[in-house]
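Novice: Quick one: this structure, given as structure tokens, is what I'll be asking you about.
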Amino acid sequence: MEAVSGRGWRFSREHPQYNPDDPKEELMSLLYKDFRDRLFAQVLRLTNNDRQWTEDVVQETFIRAWQHSDDLNREPGMLRGWLLTVARRIVIDGWRNRSVRPREVELESPDTAETSDETDRTLAAMVVADALRHLDHKHQSVVFETYFAGRTVREAAIILGLPEGTVKSRLYNAMRTLRRALGELGSR
Numbered sequence: 001m002e003a004v005s006g007r008g009w010r011f012s013r014e015h016p017q018y019n020p021d022d023p024k025e026e027l028m029s030l031l032y033k034d035f036r037d038r039l040f041a042q043v044l045r046l047t048n049n050d051r052q053w054t055e056d057v058v059q060e061t062f063i064r065a066w067q068h069s070d071d072l073n074r075e076p077g078m079l080r081g082w083l084l085t086v087a088r089r090i091v092i093d094g095w096r097n098r099s100v101r102p103r104e105v106e107l108e109s110p111d112t113a114e115t116s117d118e119t120d121r122t123l124a125a126m127v128v129a130d131a132l133r134h135l136d137h138k139h140q141s142v143v144f145e146t147y148f149a150g151r152t153v154r155e156a157a158i159i160l161g162l163p164e165g166t167v168k169s170r171l172y173n174a175m176r177t178l179r180r181a182l183g184e185l186g187s188r
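In terms of full-length UniProt numbering, the sequence shown opens at residue 1 and continues consecutively.
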């Protein structure tokens, strides 16, 4: 198997492998472990709690740290300051870009507005109905009573003539089976 090395990764025809001996990779692991949570919290405040934008900013900050890893001062206080400064500048650039972008306006004519249809809701119902078929009758009845009829575990136990613990365990097992079935259906 032919392999090519580069930037801390060893590439083969099958997949890249992490090279822990590369100082860049070691630094990035340290930065991520020691600074990611604090950096995320700081940036989250700067982005007005926009979690997606915050994730993007933190990721871009770490990419820039990786690109400049040879030049970075390895002292923790200096690294933290560098990361926060870079992240702040990325956020400022983002705010500037947003302010330059044309404002979005509402449609004035309802004739051109998109009408909602029930396609998504119908499709979701079909997927859930298909997943429910993976359950046996005793699990289906527990799911129906608690989720579809909106009853508590106690009420479902009385209606089904079962102990509450049995209803809870069947419900747990049914939900686990449904999650697995929905995951399989979603991957098709």
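The C-beta atom is built at its ideal place from N, Cα and C for all residues, glycine as well.
This structure is a prediction, so every number in the text was calculated from the model and none was measured.
1. Mind checking whether residue 139 and residue 174 have CB atoms under 8 angstroms apart?
2. Helix, strand or coil: how does DSSP classify residue 97 here?
3. Do residue 151 and residue 159 count as a contact pair if the criterion is CB distance below 8 angstroms?
4. Using three-state DSSP, classify residue 152 as helix, strand or coil.
5. For residue 181, I'd like the list of residues in its chain whose CB is within less than 7 angstroms of its CB, leaving aside the five on either flank, ordered along the chain.
6. Taking the alpha-carbon of residue 67 as reference, which of 145, 28, 176 has the nearest alpha-carbon?
7. Measure the Cβ-Cβ separation of residue 79 and residue 31 and say whether it is below 8 angstroms.
8. Using only CA atoms, which one of 166, 43, 178, 129 lies nearest to residue 91?
Specialist: In this structure, then:
1. yes
2. helix
3. Their beta carbons are under 8 angstroms apart, which means residue 159 touches residue 151 by this criterion.
4. coil
5. 131, 134
6. It is 28.
7. yes
8. 43
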